[in-house]
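Student: Residue numbers (this note's numbering), protein chains in the order written: chain A, 1 to 470; chain B, 1 to 395.
Yeah, the Cβ is synthetic: ideal placement off N, Cα and C, and Gly gets one too.
1) Please confirm whether residue 56(A) has its beta-carbon closer than 8 Å to some beta-carbon of chain B.
2) Excluding the 5 residues flanking residue 82(B) on each side, which residues of the same chain have their C-beta closer than 6 Å to its C-beta?
3) Just grab the DSSP bridge partners of residue 114(A) for me.
4) Hey, could you find the ends of the alpha helix (DSSP H) residue 350(B) is sitting in?
5) How many angstroms separate the CA atom of residue 203(A) from the CA atom of residue 189(A)?
6) Run through DSSP, which three-state label would residue 390(A) get?
7) Do you know how far the Cα of residue 393(A) is from the Cα of residue 435(A)?
8) Does DSSP classify residue 400(A) as helix, strand or coil?
9) Within 8 Å (strictly less), CB to CB, does residue 454(A) reach chain B?
10) Going along the region 434-455 of chain A in order, which residues come within less than 9 Å of chain B, judged by CB to CB distance?
11) With a CB to CB cut of under 8 Å and the five nearest residues on each side skipped, what residues in its chain are close to residue 87(A)?
12) Within the region 12-44 of chain A, note down every full beta strand (DSSP E) run reaching 3 residues or more, in order along the chain.
13) Kindly indicate which three-state DSSP category residue 45(B) falls into: helix, strand or coil?
14) DSSP three-state call for residue 348(A): helix, strand or coil?
15) How should residue 80(A) be labelled, buried or exposed, when 16 other C-beta atoms within 10 angstroms of its C-beta is the threshold for buried?
16) Indicate whether residue 360(A) and residue 258(A) have their beta-carbon atoms separated by less than 8 Å.
17) On the CB-based measure, 16 or more other CB atoms within 10 Å of its CB, does residue 117(B) come out buried or exposed?
18) With 8 Å as the threshold, decide whether the Cβ of residue 18(A) is near any Cβ in chain B.
19) Flag residue 271(A) as yes if its beta-carbon sits less than 8 Å from any beta-carbon of chain B, otherwise no.
20) Who are the Cβ neighbours of residue 133(B) in its own chain at under 8 Å, not counting the five residues just before and after it?
21) Name the chain A residues whose beta carbon is nearer than 7 Å to that of residue 239(B)?
22) Going by DSSP, what residue range makes up the beta strand (DSSP E) through residue 345(B)?
23) Which whole runs of the beta strand (DSSP E) in the region 114-184 of chain B are 3 residues long or more, in chain order?
24) Any C-beta of chain A within less than 8 Å: which residues of the region 39-52 of chain B qualify?
25) Over the uninterrupted beta strand (DSSP E) stretch that includes residue 471(A), give me the two end residues.
26) Since residue 188(A) is in the alpha helix (DSSP H), which residue starts that stretch and which ends it?
27) Using 8 Å as the threshold, is the region 242-255 of chain A in touch with the region 70-79 of chain A, meaning 3 or more CB pairs across them?
28) For the region 329-345 of chain B and the region 227-237 of chain B, state whether three or more C-beta atom pairs, one from each stretch, are separated by less than 8 Å.
29) Does the beta carbon of residue 476(A) sit closer than 8 Å to a beta carbon anywhere in chain B?
30) Which two residues bound the contiguous alpha helix (DSSP H) that contains residue 78(B)?
31) Less than 8 Å between CB atoms is the rule here; does residue 409(A) satisfy it with respect to chain B?
32) Extract the residue ranges of the beta strand (DSSP E) inside the region 11-42 of chain B, only unbroken runs of 3 or more that lie entirely within it.
33) Is the Cβ of residue 310(B) closer than 8 Å to any Cβ of chain A?
34) How far does the alpha helix (DSSP H) with residue 325(A) in it reach, from first residue to last?
35) When burial is assigned at 16 or more other CB atoms within 10 Å of the CB, is residue 125(B) buried or exposed?
36) For chain B, is any of its Cβ atoms less than 8 Å away from the one on residue 402(A)?
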């Protein structure tokens, strides 16, 4: 696979697949890299793992994957992009070892999607606390038993979608609790009126819950999960702003997420400027409407740019390739580009509406008890993070060094936002630690193996000749 | 001008390992100490170093290094620092991840083996107990080392300390003895007064008879503020670390001829360095990016010496600066014609930091130093020409 390409796409979800199909149709020599053994990403997995309201289904994904492959797009599945060399070529290697492929390309499209966003709370590390995505994979994709009584909490329309899919799969969902108040403010109603299809889907999810007599509690904050090392026994909730309004739910599984977080590590590693997204409070790369970053020839599309779901990701994947084709002097049909631009604008407005109705409750961390673990890789508590910050001697990176929060196998993907919120003194500044090679852990011998790309170094790292002078 | 200035016995510029150890030592002697840093504490070389305590001589050079270090000159300093590190943790009463489990320096060729024997003799002269192990003894000692390695020196005094803990521990001890530490307070000018110095910062001035420039990579810049040119510049190096594995490698392992240091730190992670250069490209945060060719070179070398490393998971690569003086030797002393202005830094600053703290405190108190350091003063770097570097290299 090593070699020269017109386009390297990192991530084989809706954005990456649409971009690959568009690029290959336009004659660009394209390679697509994905960590999973199969293309599709989270959304187009064997069973749908939707990122938000829209509810596509598997045949469309399968068809898209087949189209991409039949167009001659090279697929490097089961590979992680772990770095980039001096000339900007990407290093892609099999996750569990093997040879690194050096991918040199005219354009790079980062379509690495998003992570479910978890905020720590008392009990969040107990067995039985999972993310909604994990619950879907377990119960829906794999058809495995999830638990006897499943509670869903956090915030976002995704919680309703997950509850609906779990119900369809026969799972006993006992309650859905959303921290957002989901009020129908006039602005929100006007906004929602622009998106009748999505509103209909929303109503459909609510009616599914109602049919199964599953309560949807709004303005209800998850306080804690109760239980012990053998698993949780229940969850405690509180109405926002109302003390003594405690609600206890018996549950052996608790699915929690507070929305999604753009997976921006590769973009940051490649030097693309990032900012804290004012709507979601999440660190995200700066992109224009075509997905162009602040670095020439590097684009970001899909949820890696900002959270918006599969349909928006697909439109953005198309628009990024359209911009590359324009730059190459072979523009795509104007009418189709305009249609996709209109679609993207509408879906971005909808994403903003979602973010307004379901804001990320980063402020909840201010009341997080000191003894709660924030970084589970290194078992660092909120108190230890606060203590490091209290000296006034450290920035976010120094807090990491002193407390070890963010130094484990996930390299801070999970806890960066929480640690930055805990240390920023109430400022809404959710930032990430600097991104370094390897973007994902890679077998050390695989990393060492790129020595073949540096013939001038081989002399230094080969055993010295016996004739060396003393 | 000085009416609003705070006064203090000594201003330490740079809250790295040298500045922190010095602040602690001076505060312990009853001086009022004020530490300033332009950014967070322990940010530059002190927090990003591999944390090796080099007691046996290190012969290898950084790739790209112009001049070799004067190995024999450093040995008495390493020996003296070793004695201090032996008691540092007791004095601080803080866990700094100190491990003194010894180190091996491997050789691969006959020529390198001959160098091991010569090295052992020089070290013996300086009272550093080193022995040469042949291949079979080496492997019974450290089975992970490649069977192709014919010999290594063993020094029981080598070790490491956790660089993320050492500087904060020194600073904490300094603060408990009354020192003040201001992070994020950059020095903007260093002005000579009739008596002593006026240190200007973004937020007010400090009047002091004594200034210690321990600013690491910024040392030349701070010296320039006082009108002094010091021939030194930052060199940006990179480090590599694996995910955690069970305890398996108790020794620091180095190579006599090539840039390599490998050890298992207290978390169980294996840290691989050796002075390989970082990239010249910068991250959005202004740090030097990792160099792919150094990843390739450093890790290939590591896998050649300890083949099983290849099966571990590389977790992270990071970079950090060291101060490289023009002659690759440390610099410590008072600047001529600038009474009360001291500089300290350069080669093996982490290993030598507690020694430098003692030397500096003796210097500012006009007491005899525990080791002679007259030849390591800043004069030699103030009118340094490239011709001298060549002369040193050829001698």
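Tutor: In short:
1) As a position in the first chain, residue 56(A) is number 56, starting the count at 1. Legend: pLDDT at residue 56(A) = 44, less than 50; position of this residue unreliable, no value from coordinates given.
2) Reading the second chain from its first residue, position 82 is the one you call residue 82(B). Only 55, 157 meet the Cβ criterion.
3) Taking the first residue of the first chain as 1, we reach residue 114(A) at position 114. Answer is 262(A), bridged to residue 114(A).
4) Looking up residue 350(B) in the second chain gives position 350. Element bounds for residue 350(B): 349-364.
5) Along the first chain, one-based indexing puts residue 203(A) at 203. Along the first chain, one-based indexing puts residue 189(A) at 189. Using only the alpha carbons, I get a separation of about 14 Å.
6) Within the first chain, the letter at position 390 stands for residue 390(A). In the structure shown, residue 390(A) sits in a helix (DSSP, three-state: H, G or I).
7) Locating residue 435(A) in the first chain gives position 435, counting from the first residue. Locating residue 393(A) in the first chain gives position 393, counting from the first residue. When only Cα atoms are considered, residue 435(A) and residue 393(A) end up about 22 Å apart.
8) Walking along the first chain from the start, residue 400(A) turns up at place 400. In the three-state scheme derived from DSSP, where H, G and I count as helix and E and B as strand, residue 400(A) is classed as helix.
9) In the first chain, counting from the first residue as 1, residue 454(A) sits at position 454. Chain B, which has a Cβ nearer than 8 Å to the Cβ of residue 454(A), makes this yes.
10) 434, 435, 436, 437, 438, 441, 442, 443, 444, 445, 446, 447, 448, 449, 450, 451, 452, 453, 454
11) What you label residue 87(A) is simply residue 87 of the first chain in a count that begins at 1. Cβ neighbours of residue 87(A) beyond the five flanking positions: 104.
12) 30-34
13) Stepping through the second chain from its first residue, residue 45(B) is reached at position 45. Note: residue 45(B) maps to helix in three-state DSSP.
14) Along the first chain, read from residue 1 onward, the residue named residue 348(A) stands at position 348. If DSSP states are grouped into helix, strand and coil, residue 348(A) belongs with the helices.
15) Position 80 of the first chain, counted from the first residue, corresponds to residue 80(A). With a threshold of 16 other beta carbon atoms within 10 Å, residue 80(A) meets it and is buried.
16) As a first step, residue 360(A) is located in the first chain; it is residue number 360 there, counting from the start. As a first step, residue 258(A) is located in the first chain; it is residue number 258 there, counting from the start. Contact flag set, yes.
17) Taking the second chain and counting its residues from 1, one reaches residue 117(B) at position 117. So residue 117(B) counts as exposed.
18) The residue labelled residue 18(A) in the question sits at position 18 within the first chain. Residue 18(A) does not count as touching chain B.
19) Position 271 of the first chain, counted from the first residue, corresponds to residue 271(A). Look at residue 271(A): its C-beta is under 8 Å from a C-beta on chain B.
20) Working through the second chain from its first residue, we reach residue 133(B) at position 133. Closer than 8 Å at the Cβ level, and outside the excluded window around residue 133(B), lie 104, 141, 151, 152, 153, 154.
21) By 1-based counting over the second chain, the position of residue 239(B) is 239. Result: empty, since nearest Cβ-Cβ is about 11 Å, beyond 7 Å.
22) Here residue 345(B) is taken as the residue at index 345 of the second chain, counted from 1. Unbroken beta strand (DSSP E) run through residue 345(B): 341-345.
23) 131-134, 151-155, 180-182
24) 39, 40, 41, 42, 43, 47
25) Since the displayed chain A opens at 1 and closes at 470, residue 471(A) lies outside it and no answer follows.
26) Taking the first chain and counting its residues from 1, the one referred to as residue 188(A) is at position 188. First-last of the alpha helix (DSSP H) with residue 188(A): 186-193.
27) no
28) yes
29) The structure shown does not extend to residue 476(A), since chain A is modelled only from 1 to 470, so the question has no answer here.
30) Stepping through the second chain from its first residue, residue 78(B) is reached at position 78. Judged by DSSP secondary structure, residue 78(B) falls within the alpha helix (DSSP H) whose first and last residues are 71-92.
31) Translated into positions along the first chain, residue 409(A) becomes position 409. Cβ-Cβ to chain B under 8 Å: yes for residue 409(A).
32) Segments of the beta strand (DSSP E) lying fully in the region 11-42 of chain B: 33-36.
33) In the second chain, residue 310(B) corresponds to position 310, counting from 1. Taking Cβ atoms only, chain A reaches closer than 8 Å to residue 310(B), which makes this a yes.
34) Locating residue 325(A) in the first chain gives position 325, where the first residue counts as 1. That run of the alpha helix (DSSP H) goes 310-327.
35) Within the second chain, numbered from 1, the residue matching residue 125(B) stands at position 125. Burial call: exposed.
36) What you label residue 402(A) is simply residue 402 of the first chain in a count that begins at 1. Interface residue, yes.
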